[in-house]
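Everything on this sheet refers to the single structure shown next.
Next comes the structure, spelled out in structure tokens:
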């Protein structure tokens with residue numbers, strides 16, 4: 015399986031990325047973009063999903079739920095933007111993405 019990447023931008027990017035990688039059925043890692051950290055207080059992480067266990071529709075639903083929960087946090091810190099890049103190079107902002115669109119990215123369609 016080719017890798018799928020998510021760029022997560024915002025003050026709470028590290029915690030949000032760690033929560034994403036704890037979703038059952040997703041395995042991967044992430045790195046913090048050091049350039050962004052030095053210029054601005056907004057942090058950008060890049061998570062790489064190297065394996066998905068289970069159905070793509072179930073994982074797509076979990077990713078959508080994760081995104082909605084991150085947006086609903088009342089801690090004052092938020093994630094501003096999440097971009098998912100599929101193995102075929104297709105890009106999708108999660109802001110208004112449907113479960114079906116996320117599934118298509120995960121499946122490389």
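In the working numbering, the protein residues as written are 15 to 123.
A virtual CB, placed ideally from N, CA and C, is assigned to each residue, including glycine.
Practice task
Can you grab the Cα-Cα spacing for the pair residue 115 / residue 77, in whole Å?
Solution key: 11 Å
Practice task
Rank 25, 59, 21 and 37 by C-alpha distance to the C-alpha of residue 70 and give the top, closest one.
Solution key: 37
Exercise for the section: Would you check if the distance between the CB atom of residue 33 and the CB atom of residue 57 is smaller than 8 Å? Expected result: no
Handout entry: Residue environment, residue 23, which counts as buried when at least 16 other CB atoms sit within 10 Å
Key = buried
Exercise for the section: Pull up the DSSP beta-bridge partners for residue 102, would you. Expected result: Per DSSP, none; premise fails for residue 102.
Problem - Any non-hydrogen atom of the ligand SAM within 7 Å of residue 33 CB - result: With respect to the ligand SAM, the structure offers nothing, as it holds no ligand at all.
Handout entry: residue 128 vs residue 25 beta-carbon contact at 8 Å
Key = Residue 128 lies beyond the residue range present for the chain, which begins at 15 and ends at 123; the question has no answer from this structure.
Exercise for the section: Return no unless some Cβ of chain C is closer than 8 Å to the Cβ of residue 111. Expected result: Chain labels in this structure do not include chain C; a single protein chain is all it has.
Handout entry: Alpha-carbon to alpha-carbon, residue 60 and residue 46
Key = 7 Å
Exercise for the section: Just tell me which of 83, 65 and 80 has its CA closest to the CA of residue 39. Expected result: 65
Practice task
Have a look at residue 102 and residue 119 and give me their C-alpha separation to the nearest angstrom.
Solution key: 8 Å
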